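Right, one structure below, let's go through it.
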Amino acid sequence: MTKKLEGNVDIEALKLKKGDLVKEVEELCGENLFGCYQCGTCSAGCPFIEDMDLSPDEVIRYIILDRKEVLNSKTIWLCASCFTCAERCPRDINITKIMEALRQIILRKKIDRTDLTEITKDEKETIPQLAFVSLFRKNIG
Amino acid sequence: MKLSYYPGCTLKTSAKNLEKSAFAIMEKLGHEMVEMEDWTCCGVVSSLTDDDLMHHLAPLRNLIHVEDAGDEQVITLCDMCYNTLKQTNLRVKEKPDDLETLNLFMDRENDYKGTVKVVHFLEFLRDEVGFDVLKKMVKNPLKGVKIMPYYGCMLLRPREVAIDDAEEPTILKDLLNALGAEVIDNPFKIECCGSYHTIQQKELVMNRAYRITNFAIERGSDAIVLSCPLCRFNLDVRGKEAEKIYKSYKQVPVYYYTQLIAVALGLDPEYCGFDDHAVDPTLLLKKKGVFEK
């Protein structure tokens, strides 16, 4: 079953070799993705699951199957690193770090997710500073 | 004893009331808390990729400044600063090679020896002061005020840096009990508020705020108490905005725990900075007669 994913990253341009996605992710996050037995605990507890196109357990499966379109899923950008999945995983896999690894694969190719000029003056004046720092850390390479 | 305090960006800008009320409490308790010198931003989110040492520099630099000043511990008020500083502190202790690389990279600072302990203010109140001591000092008990404690993420996860049980925390509940309030439990107390999505995905965060608060209201809660400046903004401001989407939904006031302690200890409400909230927090306290006593 193929899902249509929304993002706009040109996967070809990332020049990932065939079969390389899982290696790349494991190297960045230091987690063993093959330890996942697809129980779905991560997805059941995720506060953003309703807005995601791929559930976190599906993301892991996509990586293992080398389906690079996972890099175009909304899921990896919706994850706000709340660590709920990492805390609850019965296989002790830090899914939060896997999401970060996927973001980093894109960000390290100098592809930004956030356009700073879109942030309005009003937003800059009212929203707490730490929100901006974390947004930039998460969405800008 | 002089206590070293690390503020962070938000405490100096949009969460001045959290800082002010915390300082007022410390003065009342007879502790001297002094802002550390030469602090910088902590980076807010901890680095999550193994090869990314660069983003441990900012927190480490702050820890070195604490160590150089001869302090053994540093107190933070912001949950995200607490989490970031503590995660870096743990990482350099667990991986001495990483510490060596980081030490080599920094020219002007002394090497970090790993002697600093990062402490959250709430943790300090529980472990060093004791909630029973606070209880004896209460002048205006929050009698009849039904409050839901909201913990968010950064105090509890990852579990290596948690100040309490990651799934069933009780620290805010114990504090509220000591202040005489009625505690309303809510399974949403440990769920993420939407964090930095508040900038680009306002509706998503409004939804989160609605879900969390509405459940509390259904269980009879009059208010929410929390500790993180970003959670406060999301639940209070975005929650208020959610009133437009959800008819008949009415946002309840959101307090910092320091504000409630200050009120209960009978400190001047001026220390609480109640003006900075979207939902007026004073109305409920007046209604319940906490202020008039």
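Those protein sequences? They're chains A and B, same order as listed. For the first sequence, the numbering used here begins at 1081 and goes up steadily by one. For the second sequence, the numbering used here begins at 2 and goes up steadily by one. Backbone N, C-alpha and C fix where the C-beta goes; we use that ideal spot for every residue, glycine too. Predicted model, so just to flag it, every value in this text is computed and none were measured.
C-beta neighbour in chain B for residue i, strict 8 Å
i	result
A:Ala1211	yes
A:Ile1207	yes
A:Asn1088	no
A:Cys1045	Since the first residue shown for chain A is 1081 and the last is 1221, residue 1045 of chain A is missing from the structure and cannot be characterised.
A:Arg1171	no
A:Ser1113	With the sequence shown as reference, residue 1113 of chain A is identified as Leu, and Ser is not the correct amino acid for it. So, not an interface residue.
A:Lys1097	no
A:Glu1026	Not covered by the structure: residue 1026 of chain A. The range shown for chain A is 1081 to 1221.
A:Met1081	Low confidence applies to A:Met1081: its pLDDT is 48, below 50, so where it sits in the model is not reliable enough to give any reading.
A:Pro1136	no
A:Lys1189	no
A:Gly1221	no
Residue j beta carbon less than 8 Å from that of residue i
i	j	result
A:Leu1215	B:Asp51	no
B:Leu173	B:Val226	yes
B:Ala16	B:Thr259	no
A:Cys1162	A:Ile1175	no
B:Cys194	B:Met81	no
B:Ile26	B:Leu177	no
B:Asp175	B:Phe132	yes
B:Tyr197	A:Ala1211	yes
B:Leu30	B:Val130	yes
B:His66	B:Asp108	no
B:Leu261	B:Tyr151	no
A:Lys1148	A:Ile1191	no
Other residues of its chain near residue i: CB distance less than 6 Å, five sequence neighbours each side excluded
i	result
B:Lys289	Gly145 and Val146
Sequence-distant residues of its chain with Cβ nearer than 7 Å to residue i (five each side left out)
i	result
B:Lys118	Glu73 and Gln74
B:Ile246	Met207
B:Val238	Ala279
B:His32	Leu4
A:Ser1123	Ile1129, Ser1135, Pro1136 and Asp1137
B:Pro60	Cys43, Gly44, Thr85, Leu86 and Thr89
B:Lys136	Ala179
B:Leu54	Asp99, Thr102 and Leu103
A:Met1132	Lys1154, Thr1155 and Leu1158
B:Ile218	Val253
Residue i versus residue j - alpha carbon distance
i	j	result
A:Met1081	A:Gly1120	For A:Met1081, the predicted structure reports a pLDDT of 48, less than 50, and the residue's modelled location is therefore unreliable. A value from the coordinates is still provided. Near 18 Å, if we compare the C-alpha coordinates of A:Gly1120 and A:Met1081.
B:Phe292	B:Ala263	11 Å
B:Thr171	A:Leu1094	47 Å
B:Leu12	B:Tyr256	15 Å
A:Asp1202	A:Arg1141	41 Å
B:Asp165	B:Phe122	13 Å
A:Lys1103	A:Arg1183	15 Å
B:Met37	B:Leu105	24 Å
B:Gly44	B:Asn63	11 Å
B:Pro8	B:Asp276	21 Å
A:Gly1221	B:Val162	26 Å
B:Val242	B:Met34	Looking at the sequence itself, residue 242 of chain B is Glu, so the reference to Val does not match. Spanning the two alpha carbons is a distance of roughly 37 Å.
B:Phe189	B:Gly153	9 Å
B:Asn167	A:Leu1101	Sequence inspection shows Ala at residue 167 of chain B; the Asn mentioned does not correspond to that position. For B:Ala167 and A:Leu1101, the distance between alpha carbons rounds to 32 Å.
B:Leu49	B:Val139	42 Å
B:Phe234	B:Tyr272	19 Å
B:Arg160	B:Glu110	30 Å
B:Ala210	A:Trp1157	19 Å
A:Leu1151	A:Ile1186	8 Å
B:Gln201	A:Glu1180	19 Å
A:Lys1226	B:Val120	Absent from the model: residue 1226 of chain A. The displayed extent of chain A is 1081 to 1221, so no value can be given.
A:Glu1198	A:Thr1206	15 Å
A:Pro1170	A:Cys1116	9 Å
B:Gln252	A:Leu1113	42 Å
B:Ala224	B:Ile213	12 Å
B:Phe125	A:Thr1200	38 Å
B:Tyr250	A:Lys1189	44 Å
8 Å Cβ cutoff, residue i in contact with chain A
i	result
B:Val45	yes
B:Leu156	no
B:Thr199	yes
B:Ala210	no
B:Leu180	no
B:Thr89	no
B:Pro230	yes
Residues of its chain near residue i, where Cβ-Cβ distance is below 8 Å and the 5 sequence neighbours each way are ignored
i	result
B:Arg220	Met149, Ile185, Asp186 and Asn187
A:Thr1194	Leu1215, Phe1216, Asn1219 and Ile1220
Endpoints, the beta strand (DSSP E) within which residue i is located
i	result
B:Pro150	Lys147 to Pro150
B:Ala224	Ala224 to Leu227
B:Thr77	Gln74 to Thr77
B:Met34	Glu33 to Glu36
B:Ser3	It should be noted that the sequence gives Lys, not Ser, for residue 3 of chain B. Note, B:Lys3: beta strand (DSSP E), Lys3 to Tyr7.
A:Lys1154	No beta strand (DSSP E) contains A:Lys1154, which DSSP labels as neither H nor E.
For residue i, the first and last residue of its enclosing alpha helix (DSSP H)
i	result
B:His66	Leu58 to Asp69
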